[in-house]
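**Student:** Each residue of the sequence shown is one higher than the one before, starting from 171 at the first, in my numbering.
Just so it is clear, CB atoms sit at the ideal spot from N, CA and C, and this is done for glycine as well.
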Amino acid sequence: MILQGEFSGRSGHEMTGRFTLRRVRGGYRLITSNDFFFDAAAPAPAWALGDPDQSPYPGLVADSIWHKLEPFSPVSGIQYLRVPDHDCFRAARAVITWCTLTKIPLGEGRVTSATA
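(1) Among residues of its own chain, excluding the 5 on either side of Ile172, which ones have a beta-carbon nearer than 6 Å to its beta-carbon?
(2) Taking the continuous beta strand (DSSP E) assigned at Thr272, which residues delimit it?
(3) Please report the residue range of the beta strand (DSSP E) in which Ala214 lies.
(4) Specify the secondary structure class of Phe206 as computed by DSSP and reduced to three states.
(5) Buried or exposed: where does Thr267 fall if 16 or more other Cβ atoms within 10 Å of its Cβ makes it buried?
(6) Buried or exposed: Gly229, going by 16 or more other Cβ atoms within 10 Å of its Cβ?
(7) Between which two residues does the beta strand (DSSP E) containing Ser178 stretch?
(8) Is Thr254 helix, strand or coil by DSSP?
(9) Mind checking Phe242: buried by the 16 CB within 10 Å criterion, or exposed?
(10) Can you list, in chain order, the residues of its chain whose CB lies under 7 Å from that of Tyr250, leaving out five sequence neighbours each side?
(11) Is His183 helix, strand or coil when you go by DSSP?
(12) Looking at the unbroken beta strand (DSSP E) that takes in Leu191, where does it start and where does it end?
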């Protein structure tokens, strides 16, 4: 399975670029584009899977958080991140950056295409 999408910032944060999410042995791998940028200006940013159209935003499952970022440390360029296999992945409609401390969305990458 391959999912692709484009990032955008939320709650006043900057996030740009694209992503690909591929199935690999033992889970999935998120690969960001070389023009990816995320300001990460938050005390506890983390990647998660969810549905940004659900209320309350972003419809996160607590254990869908799979990678924590360094606080207040911008991230840019190609990133290779392992995403564990989890039931919430199949229902996810976006890759979401979320502040686990303040509980606000920082950015999201909505899925724009999927192939088997």
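**Tutor:** The short version:
(1) Arg192, Thr285
(2) It is not in any beta strand (DSSP E) - Thr272 carries neither H nor E in the DSSP assignment.
(3) Per DSSP, Ala214 belongs to no beta strand (DSSP E) and is neither H nor E.
(4) coil
(5) buried
(6) Caution is warranted here: a pLDDT of 48 is assigned to Gly229, below 50, making its placement in the model unreliable, and the coordinate value is therefore given only provisionally. By the 10 Å Cβ count, Gly229 comes out buried.
(7) 172 to 179
(8) According to the sequence provided, residue 254 is Pro. The question's Thr does not apply to it. In the structure shown, Pro254 sits in a strand (DSSP, three-state: E or B).
(9) exposed
(10) Arg199, Ile201
(11) coil
(12) 188 to 194
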